[in-house]
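For the sequence shown, full-length UniProt numbering begins at 1 and goes up steadily by one.
Note that beta-carbon positions come from the ideal geometry of N, C-alpha and C, so glycine has one too.
Bear in mind that the values here come from a model prediction, so they are computed numbers and not experimental data.
The next block holds one structure in the form of structure tokens; read it before the comments.
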Amino acid sequence: MLDENLPCYSLKPSTSGNPLIFSIFLGENGSEPRVVYNLQKLDLSFTDSKGCYAIGLVDPYNLGILYADVKVEAEWTQPTYSSIEVRAQDGASTALVPTVPESFIIQLYNPYQQITVKQKIGIWSTSAYWKFEIPVESFRIPSSSLLDQTQNTNAPALSNQTPCVTFKWKRDGKISKNITCYMVVKNDDGKRRKEPDITIAFFKGGKGLTLYEPNLRRVEIQDQKGFEIILLLSALVIKDIFFNPTKEIFNISSSKDATSGLKTKFGTLEVSRMNNSTPMIISDSSSSNSNMLGFKSNVIPQILNPNVSSWLQNSRDTKSDIDQETERLKKLIAAEEKSRKDAKEEEERRTREMLRAEEEERRLREAKVEKETEELRKLYGTESISSLVASPKIESKPCKMGSKLVPTPLRISPVVTGWLETRRKLSKSNES
Numbered sequence: 001m002l003d004e005n006l007p008c009y010s011l012k013p014s015t016s017g018n019p020l021i022f023s024i025f026l027g028e029n030g031s032e033p034r035v036v037y038n039l040q041k042l043d044l045s046f047t048d049s050k051g052c053y054a055i056g057l058v059d060p061y062n063l064g065i066l067y068a069d070v071k072v073e074a075e076w077t078q079p080t081y082s083s084i085e086v087r088a089q090d091g092a093s094t095a096l097v098p099t100v101p102e103s104f105i106i107q108l109y110n111p112y113q114q115i116t117v118k119q120k121i122g123i124w125s126t127s128a129y130w131k132f133e134i135p136v137e138s139f140r141i142p143s144s145s146l147l148d149q150t151q152n153t154n155a156p157a158l159s160n161q162t163p164c165v166t167f168k169w170k171r172d173g174k175i176s177k178n179i180t181c182y183m184v185v186k187n188d189d190g191k192r193r194k195e196p197d198i199t200i201a202f203f204k205g206g207k208g209l210t211l212y213e214p215n216l217r218r219v220e221i222q223d224q225k226g227f228e229i230i231l232l233l234s235a236l237v238i239k240d241i242f243f244n245p246t247k248e249i250f251n252i253s254s255s256k257d258a259t260s261g262l263k264t265k266f267g268t269l270e271v272s273r274m275n276n277s278t279p280m281i282i283s284d285s286s287s288s289n290s291n292m293l294g295f296k297s298n299v300i301p302q303i304l305n306p307n308v309s310s311w312l313q314n315s316r317d318t319k320s321d322i323d324q325e326t327e328r329l330k331k332l333i334a335a336e337e338k339s340r341k342d343a344k345e346e347e348e349r350r351t352r353e354m355l356r357a358e359e360e361e362r363r364l365r366e367a368k369v370e371k372e373t374e375e376l377r378k379l380y381g382t383e384s385i386s387s388l389v390a391s392p393k394i395e396s397k398p399c400k401m402g403s404k405l406v407p408t409p410l411r412i413s414p415v416v417t418g419w420l421e422t423r424r425k426l427s428k429s430n431e432s
């Protein structure tokens, strides 16, 4: 332990006596360590778990609460032998060899997200490291809408547009089993700064994980609990499958190897521990390739506790359920969009018909006015009406009589007089 005041997680066997369950204790500020998680490993007695490595992080008081899990399947490749080994085999067909994959996925629940940890193989001057990214925002925006609660657009952890913070576990040396977690410092434009990476955590000899608390304040991540779980599981998985890749970890049955003729000269090869390369698990079974590949890769490994096993199975199906629900919602949104478009087109059609009706009504009104005007022209004459319309208004001008201004009598236009005379004649003719 670097400092008893720093948060330190230690792994110890469970007091229940179950060899597959380990208790994770947390001690900080000099206090007595307390149990915060239970680490449940894969039960190797199940045949469905052949060739698989799996662990789950559950609540210590309620095993039905699963925080996260990791499942890694061994990759089977054709081995390469030296000329001496090839001659020793006398041309016999070689069996496939299981190797450790270069990446693994940490599955988090509530919120649902997957963190991929990728191994970067080192060269002569640098050590290997494992890199992963965590989204800055993980929780959905609170909303009462059922659509917002199910759509991926409202789930920052599932969106590719959510900015992420990059971390890496780096070995302290080429043959050292101590790893240190760093936060990669970047500029706003995404390029790396010249500043050194920020130290976040230490994992010493696989015995305990120590968080460097002063630097945790610089980690701008919304899901701090998820970040803690990711650090724990990633360190434990790296220790198990990259530092100690044995057949037992991946539940590979051991019997006599097809290359047993090499035992007397070269000894039994169990694990190839090549530095700065992907570890290789060399099985010593004499079974055929079909037997070695006989495990069901699509079967979820079973944990000893049935509650956790069913929870793991349901959790693995969550992704497919989300995809199906997403497709259904997409179809629903497309149907609503089409209905909205049809309603808009119908509204535009009604508006055009309304405008056309108003235009027709205006045209009929103008035609009626034109007809009445024509009748008036025939009745009163074109000259009288045009003169009446075009004649200027006659104003009375005052005249001066002595020292006073006296208005002159109103003079009526001859056109008006003629019109009045015509009206009188028409009225007399109607009376007669």
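{"Query": "Beta-carbon gap between K168 and G206 smaller than 7 Å", "Result": "no"}
{"Query": "Contacting residues, own chain, Cβ-Cβ under 7 Å from I249 (five flanking each side not counted)", "Result": "Y53, D240 and I241"}
{"Query": "M183, buried or exposed, once every other Cβ within 10 Å from all chains shown has been counted against 16", "Result": "buried"}
{"Query": "Chain-order list of residues whose beta-carbon lies under 6 Å from that of K118 (same chain, five-residue window excluded)", "Result": "S103 and K131"}
{"Query": "Of the residues S31, L44 and L57, the one placed nearest S23, counting alpha carbons only", "Result": "L57"}
{"Query": "Classification of K247 by the beta-carbon crowding that lies within 10 angstroms, buried from 16 upward", "Result": "buried"}
{"Query": "Exposure label - L420; buried when at least 16 CB within 10 Å", "Result": "exposed"}
{"Query": "For L11, the nearest candidate out of L209, K71 and P163 (CA to CA)", "Result": "L209"}
{"Query": "Rounded distance between the beta-carbons of P13 and F25, thought under 8 Å", "Result": "That belief does not hold up - the Cβ atoms of F25 and P13 are roughly 11 Å apart, past 8 Å."}
{"Query": "Euclidean distance between Cα positions of V136 and G27", "Result": "27 Å"}
{"Query": "Cβ-based burial, residue 508 [other Cβ within 10 Å; buried from 16]", "Result": "For residue 508 there is no data in the structure shown, the boundaries of the chain being 1 and 432."}
{"Query": "Status (buried if at least 16 other CB within 10 Å, exposed otherwise) for N305", "Result": "Reliability of the predicted coordinates at N305 is poor, the pLDDT of 46 falling under 50, and the value obtained from them is presented with this limitation in mind. It is buried - the Cβ of N305 has at least 16 other Cβ atoms within 10 Å."}
{"Query": "Close beta carbons around I179, own chain, < 6 Å, minus the five adjacent residues each side", "Result": "W169, R171 and F203"}
{"Query": "CB contact flag (I230, I115, <7 Å)", "Result": "yes"}
{"Query": "Segment limits, beta strand (DSSP E) that includes Q119", "Result": "Q113 to K120"}
{"Query": "Burial state of M292, where buried means 16 or more other Cβ atoms lie within 10 Å", "Result": "Since pLDDT at M292 reaches only 32, below the 50 mark, its modelled position is unreliable, and the value read off the structure follows with that caveat. Counting Cβ neighbours within 10 Å, M292 comes out buried, since at least 16 surround it."}
{"Query": "For W169, three-class secondary structure by DSSP", "Result": "strand"}
{"Query": "Other residues of its chain near Y109: CB distance less than 7 Å, five sequence neighbours each side excluded", "Result": "L66, Y67, A68 and S315"}
{"Query": "C-alpha gap between R429 and E375, whole angstroms", "Result": "First, the amino acid is wrong: residue 429 is Ser here, not Arg. So the two alpha carbons sit approximately 19 Å from each other."}
{"Query": "Strand pairing of G56, partner residues [DSSP]", "Result": "Q40 and D69"}
{"Query": "Span separating the alpha-carbon of Q78 from that of P101", "Result": "14 Å"}
{"Query": "CB contact flag (S138, P111, <7 Å)", "Result": "yes"}
{"Query": "Residue burial classification, G226 (beta-carbon count within 10 angstroms, cutoff 16)", "Result": "buried"}
{"Query": "With 16 other Cβ atoms within 10 Å as the buried cut-off, status of T99", "Result": "buried"}
{"Query": "DSSP-derived helix/strand/coil call for E28", "Result": "coil"}
{"Query": "Identified DSSP bridge partners for V97", "Result": "T77"}
{"Query": "Beta-carbon separation (whole angstroms), I55 vs L39, contact threshold 8 Å", "Result": "6 Å"}
{"Query": "Residue range of the unbroken alpha helix (DSSP H) whose run includes residue 463", "Result": "The requested residue 463 does not occur in the structure, where the chain is confined to residues 1 to 432."}
{"Query": "Spatial distance of D342 from P142 (CA atoms)", "Result": "32 Å"}
{"Query": "Neighbourhood of E195 by C-beta distance below 6 Å, restricted to the same chain and skipping five residues each side", "Result": "V185"}
{"Query": "Anticipated Cβ contact below 8 Å, V97 with P60, distance rounded", "Result": "Actually they do not touch by this definition, with Cβ atoms about 38 Å apart."}
{"Query": "L108 in three-state terms, based on DSSP", "Result": "strand"}
{"Query": "Pick from L20, I175, K331 and E431 that is closest to W124, judged by C-alpha positions", "Result": "I175"}
{"Query": "Rounded C-alpha distance that separates R365 from Y380", "Result": "23 Å"}
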